[in-house]
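The sequence shown begins at 81 in my numbering and counts up by one. Heads up: the structure comes next, in structure tokens.
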Amino acid sequence: MNVAVVGLGSMGFGMARSCLRKGYQVFGSDIVGERMESFRKEGGAADEVDTVVAALDAVVVVVLNADQTETILFGEAGLVPKLKSGAVVVACATVPPDFARSMEKRCQHHGVHYLDAPVSGGSVKAGEGKLAIMAAGTPEAFAAAQPVLEATAETVFKLGDEAGSGSAMKAVNQLLAGVHIAAMAEAMTFGMTQGIEPQKFINVISRCAGTSWMLENRAPHVVAGDYTPHSQTVIWPKDLGIVLEAAKSSGLEAPITEAALGQYNKAVAMGLGHEDDAAITKVYARSAGLQLPGEG
81 MNVAVVGLGS MGFGMARSCL RKGYQVFGSD IVGERMESFR KEGGAADEVD TVVAALDAVV
141 VVVLNADQTE TILFGEAGLV PKLKSGAVVV ACATVPPDFA RSMEKRCQHH GVHYLDAPVS
201 GGSVKAGEGK LAIMAAGTPE AFAAAQPVLE ATAETVFKLG DEAGSGSAMK AVNQLLAGVH
261 IAAMAEAMTF GMTQGIEPQK FINVISRCAG TSWMLENRAP HVVAGDYTPH SQTVIWPKDL
321 GIVLEAAKSS GLEAPITEAA LGQYNKAVAM GLGHEDDAAI TKVYARSAGL QLPGEG
């Protein structure tokens with residue numbers, strides 16, 4: 081099995097490593113050369129993806145957005161026209177459903193399968209091969225992608241026989257995840273104004289009805305004062321923007337999502353875009369004159 085993983089960020093690197101554990105030959109690609117070198121040191125193939133594209137069985141695209149996905153697949157050096165018939169693209173970026181449908185049609189024109197396969201679970205589960213994948217595509221696309229799915233996912237949700245519904249479900253997930261992180265930040269800083277220390281906040285709320293997976297995952301980053309990006313703040317204006325655009329086109333009001341998006345936009349404007357998304361807590365802390373752990 082020859083697999084290329086394009087995008088070796090926190091999620092893509094873990095997915096590439098999981099494919100290696102399965103014994104596949106894995107070619108990594110990233111605009112940051114150090115990431116490619118790190119992956120090769122872990123057993124990744126030395127060849128550049130462009131030089132082996134005709135031999136690839138699967139291309140896993142784990143980049144930021146639709147524009148990057150389209151460039152990789154159909155840009156000036158696009159991979160799809162060079163892939164062999166029957167190869168599969170496993171597209172993992174959070175993108176609008178209509179975009180996923182258009183990519184599927186363009187791939188099919190070249191005899192290439194396309195699986196709309198956004199992922200959830202974070203960098204740790206990516207490295208363990210235990211992601212949840214919200215997938216949609218033809219039965220043939222699922223069959224061609226099965227080795228990659230087995231290597232990278234603990235749960236695969238089959239959401240339809242054509243692309244689009246996987247990305248729609250990911251938008252639902254991102255609405256909740258983005259709001260939950262912002263709510264964690266708001267609740268933690270509210271607690272601080274009432275004399276509740278952040279660690280005590282975690283100790284109590286994580287065992288009460290107000291908890292969430294995002295609270296339990298992100299709040300410890302704030303307590304540690306460590307904003308090393310497992311998931312960057314800058315992704316949320318993009319992802320919640322997708323949610324709001326889809327909601328608007330459906331005639332649905334989404335005021336909670338709009339409020340969360342406003343806070344992420346403030347975080348990016350403060351220069352926090354490339355910090356861990358738990359850094360949204362700094363927006364609230366600054367407005368209230370609070371000092372978070374590790375500051376000062």
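The C-beta atom is built at its ideal place from N, Cα and C for all residues, glycine as well.
Asked: Length of the line joining the Cα atoms of Ser247 and Pro198; Found: 6 Å
Asked: Ser200 versus Gln105 - alpha carbon distance; Found: 24 Å
Asked: Segments assigned beta strand (DSSP E), at least 3 residues, entirely inside the segment 146 to 177; Found: 168 to 171
Asked: When Arg120, Thr174, Ala359, Ser90 are compared against Leu100, the one with the closest alpha-carbon; Found: Arg120
Asked: For Lys362, the residue or residues it bridges with in DSSP; Found: Note: Lys362 sits in no beta bridge, so no partner.
Asked: Residue span of the alpha helix (DSSP H) that contains Ala233, given as start and end; Found: Not the alpha helix (DSSP H): Ala233 falls in the beta strand (DSSP E), residues 233 to 238.
Asked: CB of Ile282 within 8 Å of CB of Ala299, strictly; Found: yes
Asked: The segment 297 to 315 / the segment 348 to 366 touching (three or more Cβ pairs under 8 Å); Found: yes
Asked: Beta-carbon spacing of Ala251, Ala233 below 8 Å; Found: no
Asked: Three-state secondary structure (DSSP) of Ala197; Found: coil
Asked: Proximity of Val143 and Leu153 at Cβ, strictly below 8 Å; Found: no
Asked: Contact set for Val112: own chain, Cβ-Cβ below 8 Å, skip 5 residues either direction; Found: Leu88
Asked: Spatial distance of Phe179 from Thr149 (CA atoms); Found: 10 Å
Asked: Thr131 versus Ala84, Asn345, Arg115, Asp306, residue with shortest Cα-Cα distance; Found: Ala84
Asked: Cβ shell of Glu220 (< 8 Å), same chain only, five flanking positions each side left out; Found: His193
Asked: Inter-residue Cα distance where the pair is Thr291 and Asp147; Found: 35 Å
Asked: For Met95, the three-state DSSP class (helix, strand or coil); Found: helix
Asked: Val140 - DSSP class collapsed to helix/strand/coil; Found: strand
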